[in-house]
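Residue numbers for the sequence shown follow the numbering used here, beginning at 20 and rising by one. Virtual Cβ for every residue (Gly too), placed ideally from N, Cα, C. Beneath this line is the structure, given in structure tokens, with notes to follow.
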Amino acid sequence: MAEAVGLAASILGIIHITTKVASLSYSYITGVKRAPDELRKLADELKSLTTVLTTLSICANDHGPALLQIQGPLQSCVSELLSIQIKLESSSIKEKGRWWGMSFSRLQWPCEEQETLNYISKIERFKNLVTLAMNADQVIRSKVIETGIKEICAIKSKDEVLRIEKRRMEVLNWLYPSDFDKRHIEISSRRQKDTGQWVLREPVVQEWCGGNPRNRLLWAYGIHEFDLVSWRWKNIYQLSFD
Numbered sequence: 020m021a022e023a024v025g026l027a028a029s030i031l032g033i034i035h036i037t038t039k040v041a042s043l044s045y046s047y048i049t050g051v052k053r054a055p056d057e058l059r060k061l062a063d064e065l066k067s068l069t070t071v072l073t074t075l076s077i078c079a080n081d082h083g084p085a086l087l088q089i090q091g092p093l094q095s096c097v098s099e100l101l102s103i104q105i106k107l108e109s110s111s112i113k114e115k116g117r118w119w120g121m122s123f124s125r126l127q128w129p130c131e132e133q134e135t136l137n138y139i140s141k142i143e144r145f146k147n148l149v150t151l152a153m154n155a156d157q158v159i160r161s162k163v164i165e166t167g168i169k170e171i172c173a174i175k176s177k178d179e180v181l182r183i184e185k186r187r188m189e190v191l192n193w194l195y196p197s198d199f200d201k202r203h204i205e206i207s208s209r210r211q212k213d214t215g216q217w218v219l220r221e222p223v224v225q226e227w228c229g230g231n232p233r234n235r236l237l238w239a240y241g242i243h244e245f246d247l248v249s250w251r252w253k254n255i256y257q258l259s260f261d
């Protein structure tokens, strides 16, 4: 929480300085005769930086680890902007201090061309760094959201499986509320020896066993309690040796 407050405070401070320097730059653009192109570009970069920093201030309220990496560059940018601000304010004061400056002289841009271009380059690099940090932070947030969605879906799937299993057990309990496995063992224990042997004595089965059946398919069916599976295997085994 303290880190978030510190980052947000730093961003608000640099926005204030950037706005101040941008205002001074525009004053020179309107006050300098034939303002150089680099001065206009500097003013545009400062305006663009203000927009990026405003967006950053919104993200800083709930920032991720990527945004914490820009605290060092933030301080460097503040130093550069303060340097520009001091130079512009000093030059403006000197011009106003001349009694003829207010009436007959226009402001003179105090920075050399290369110096101005260096300021522009540093501001542009910082702006790009902030943009990349916000993009990286957004990717991290997206991954966290994606992971959260997957976890929610997994929980919902698990809940759905449990719900279906609960419903299945309710149906089974409605059909037979007692222990089905015990009931199966109980019924199976009632099976008598040689159960179903009479089937083999049926004329149709005898004909089928004799090798001259009207149909090669032998179909046997019955209730579960008859232990049809055991009967099938036992009699098929017997038929295979007859």
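Three-way DSSP call (helix, strand, coil) for residue 130 in this model = coil
According to the Cβ coordinates, are residue 30 and residue 72 closer than 7 Å?
-> yes
Compute every distance between the C-beta of residue 165 and the non-hydrogen atoms of the ligand HEM, then say whether any falls below 6 Å.
-> The ligand content of the structure shown is nil, which means the ligand HEM is not present either.
Is it right to say residue 62 is buried, meaning 16 or more other beta carbons lie within 10 angstroms of its own, or is it exposed?
-> buried
Could you give the distance in angstroms between the alpha-carbon of residue 170 and the alpha-carbon of residue 47?
-> 57 Å
Host alpha helix (DSSP H) of residue 208 (start-end) = Neither: residue 208 is in no alpha helix (DSSP H) and is coded neither H nor E.
With a threshold of 16 other CB atoms inside 10 Å of the CB of residue 198, please say whether the residue is buried or exposed.
-> exposed
Is it true that the segment 89-109 meets the segment 126-138, where meeting means three or more beta-carbon pairs spaced less than 8 Å apart?
-> yes
Cβ separation of residue 60 and residue 139, assumed to be a contact under 8 Å, to the nearest whole Å | 6 Å
Just confirm the distance between the C-beta atoms of residue 149 and residue 100, as a whole number of angstroms; I'd bet it's less than 8 Å.
-> Residue 149 to residue 100, Cβ: 14 Å. No contact.
Buried versus exposed call for residue 153 [16 or more other C-beta atoms within 10 Å across all chains shown] | buried
Kindly indicate the opening and closing residues of the alpha helix (DSSP H) around residue 63.
-> 56-78
Does DSSP put residue 29 in a helix, a strand or coil?
-> helix
Could you check what DSSP says for residue 212 in three-state terms: helix, strand or coil?
-> coil
Nonlocal neighbours in the same chain, by C-beta distance under 6 Å from residue 123, ignoring five residues either side | Interpretation of residue 123 is limited by its pLDDT of 39, a score under 50 that renders its predicted location unreliable; no figure is taken from the coordinates.
Which listed residue (238, 32, 201, 77) has its alpha carbon closest to that of residue 94 | 32
Would you mind giving the Cβ-Cβ distance between residue 36 and residue 97, rounded to the nearest angstrom? I have them listed as a contact below 8 Å.
-> 6 Å
Measuring CB to CB, does residue 26 end up less than 7 Å from residue 79?
-> yes
Let me know if residue 156 comes out buried or exposed under the rule of 16 or more other beta-carbons within 10 Å of its beta-carbon.
-> buried
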